[in-house]
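**Student:** Got a structure for you, written out below as structure tokens; questions coming shortly.
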Amino acid sequence: MFNTIQIICASEKNRTILRGIFKNLGADAVFSNDLNDALSVFEKARPAAVFIVDGEEPPAEIQLRELRRVAPFIPVIPLLKRRDATRAVGLMKAGALDCAQSPWTEEELRPLYRKALKLSGTVIELDSSALKRRRRALTLLLAAFFAFTGFAGGLYYGFNKYSPVARQPHSFYLPYSHPTGLVIKKDSVVISDWYSQGLYEHNTNNFGIKKVTSLAEVTPVAMAASQDALWLAGANGVIEKRLLDARYSVASKTAVFKPTPDSVCFDGLYFWTADSRTGTITKRMPDDALGMIRNFKYPGRKLSALTCDTRFLWVADSGLRGLAKLSLDDPERIISVTELDVYASKTLKITAMASKNGTIWFAGEDGDKALAFYKDEPK
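As numbered in our numbering, residues 1 to 379 make up the sequence shown, in order.
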């Protein structure tokens, strides 16, 4: 029987407990410190089931979503640190096979371990039986395939020559619900979420999560990047300058800004902040203190989110239901407004923007869901 399991657990004390229990159950346990570590070794380990310790970062719900994205049918079992039936039901609704209650013992984990292996084994057995029943049919189909190889080759050539190339999707639903900031890297997109207090780095091809960074002491409400730093605006009105290292270490903090800015960007020369409640746009020095140069009043209807590049300021205006282009020299004058068809959804609220290489990225909330999407920059 295939008995390799993966356990996501950061605590060395809990690892020691679980290592002994699963060894006695006859399991070959592979431990991972966090979700990123687990996803990096998932393909090599090929576990029959995954056990995740609840209460660590990122939250178990996010770990469930990402594991199911990689392997939709793999059994995932959260290990609760305290007995909580309501929590267990919520996790099972989110996709968990079952939940292990505290305290973790062999008696508690044995039936869940066997249940997970049985489910995994059943899938493999069904697939094998189907292949055996169709073996003769496949042999005949193989002969037919060779007979029509020439025809298929010609059809494939014509299809590729005269058919349009499939386009990559321009929008993606997010596995979290409250995005507040966007930063575009070379081959990834980083989005901040205020509710889970985390930074999520997505692959631009399929938008799968590459990395999750916890922000335990910050509730991010806006985010921007310069060449050598990441800037995070917190709900407390403080903007932090962070290094572009693996943990985004804090380099400096500003004084408390009032009102709290909920949009920030860097145009390559100056730093900009915006407050959607008052419609105020502020031009600042790009030093650690982000000293104010001048305030401007947004001339549109309703400033929802703001970003900038080296040429323009861009504003998502829910009142105008479009994207407004502003001059860096005179932000109180709108150059143009381009309709955004996504505003056809009356529940959409754009909360973050970023501009990179002629493309405008957006993130926002739409009812109980969140999404990210991008559009070519209006000419």
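Quick reminder that beta carbons are idealized off the backbone N, C-alpha and C, glycines included.
#1: My output table needs one value for F380: the three-state DSSP class, helix, strand or coil.
#2: Identify, in the order they occur along the chain, each residue of the same chain with its Cβ nearer than 7 Å to the Cβ of H178, setting aside the five sequence neighbours on each side.
#3: Where does the unbroken alpha helix (DSSP H) through E12 begin, and where does it stop?
#4: Does DSSP put T122 in a helix, a strand or coil?
#5: From this set, L244, L290, K258 and K186, which residue's C-alpha is nearest C265's C-alpha?
#6: Within the stretch 255-283, note down every full beta strand (DSSP E) run reaching 3 residues or more, in order along the chain.
#7: Whose CA, out of T254, K253 and W272, lies closest to the CA of D262?
#8: Between which residues of its own chain and V30 is the CB-CB distance below 8 Å, once the five residues before and five after are set aside?
#9: Give me the Cα-Cα distance between E377 and R82, rounded to the nearest whole angstrom.
#10: Where do the N-terminal and C-terminal ends of the alpha helix (DSSP H) with M92 fall, by residue?
#11: Cα-Cα, which of E339, H202 and T204 is closest to G319?
#12: In the structure shown, what three-state DSSP assignment does S163 receive?
#13: Would you list the residues sitting across from P179 in a DSSP beta bridge?
#14: Please report the distance separating the alpha-carbon of I293 from that of A324.
#15: For the candidate residues G55, D317 and N357, whose alpha-carbon lies nearest to that of A87?
#16: Could you name each continuous beta strand (DSSP E) segment of 3 residues or more that falls completely within the stretch 30-78, going from the start of the chain to the end?
#17: Do you know how far the Cα of M223 is from the Cα of R242?
#18: Compute the Euclidean distance between the alpha carbons of I52 and E217, then round it to the nearest angstrom.
#19: Count the other CB atoms, across all protein chains shown, that sit within 10 Å of the CB of R284; report buried if there are 16 or more and exposed otherwise.
#20: Name the DSSP beta bridge partners of M390, please?
#21: Would I457 and A372 be called neighbours here (beta carbons separated by less than 8 Å)?
#22: Taking 7 Å as the limit between beta carbons, can you name the residues of its chain near L35, skipping five residues before and five after?
#23: DSSP on K253, reduced to helix/strand/coil?
#24: Does P75 pass the burial test, meaning 16 or more other C-beta atoms within 10 Å, or should it be called exposed?
**Tutor:** Checking against the coordinates, here is how it stands:
#1: Nothing about residue 380 can be reported from this structure: the residues present for the chain run from 1 to 379 only.
#2: So the qualifying residues of the chain are D193, W194, Y195, E365 and A370.
#3: Judged by DSSP secondary structure, E12 falls within the alpha helix (DSSP H) whose first and last residues are E12 to N24.
#4: Any answer about T122 is weak, because its pLDDT of 42 lies below 50 and its placement is not dependable; what the coordinates show is given next. Helix, per DSSP.
#5: Nearest of L244, L290, K258 and K186 to C265, Cα basis: L290.
#6: Runs of the beta strand (DSSP E) spanning 3 or more residues and lying entirely within the stretch 255-283 occur at 263-266 and 271-275, in chain order.
#7: The residue with the shortest Cα to Cα distance from D262 is W272.
#8: In the same chain as V30, and ignoring 5 residues on each side of it, the C-beta atoms closer than 8 Å to its own belong to T4, I5, Q6, I7, V41, A45 and P47, in chain order.
#9: The straight-line gap from Cα to Cα measures roughly 51 Å.
#10: Here the alpha helix (DSSP H) through M92 covers A85 to K93.
#11: Here the closest residue by C-alpha is E339.
#12: Per-residue confidence for S163 stands at a pLDDT of 49, beneath the threshold of 50, marking its modelled position as unreliable; no derived number is given.
#13: The bridge partners DSSP lists for P179 are D193.
#14: Rounded to the nearest angstrom, the two C-alpha atoms are 23 Å apart.
#15: The sequence as given places Arg at residue 87; Ala does not occur at that position. Nearest C-alpha to R87: G55.
#16: Counting only runs of 3 or more, we get 49-53.
#17: Inter-residue distance for R242 and M223 is about 11 Å (C-alpha atoms, whole angstroms).
#18: Approximately 24 Å, taken between the alpha carbons.
#19: Its Cβ being crowded by 16 or more others within 10 Å, R284 is buried.
#20: A query on residue 390 cannot be resolved here, the shown segment of the chain reaching from 1 to 379 and no further.
#21: Past the edges of the chain, shown from 1 to 379, lies residue 457, and the structure says nothing about it.
#22: Sequence-distant partners of L35 (beyond 5 residues in either direction) whose C-beta falls short of 7 Å from its own C-beta, in its chain, are I8, P58, Q63, E66 and V212.
#23: When secondary structure is reduced to three states using DSSP, K253 falls in the strand class.
#24: Buried.
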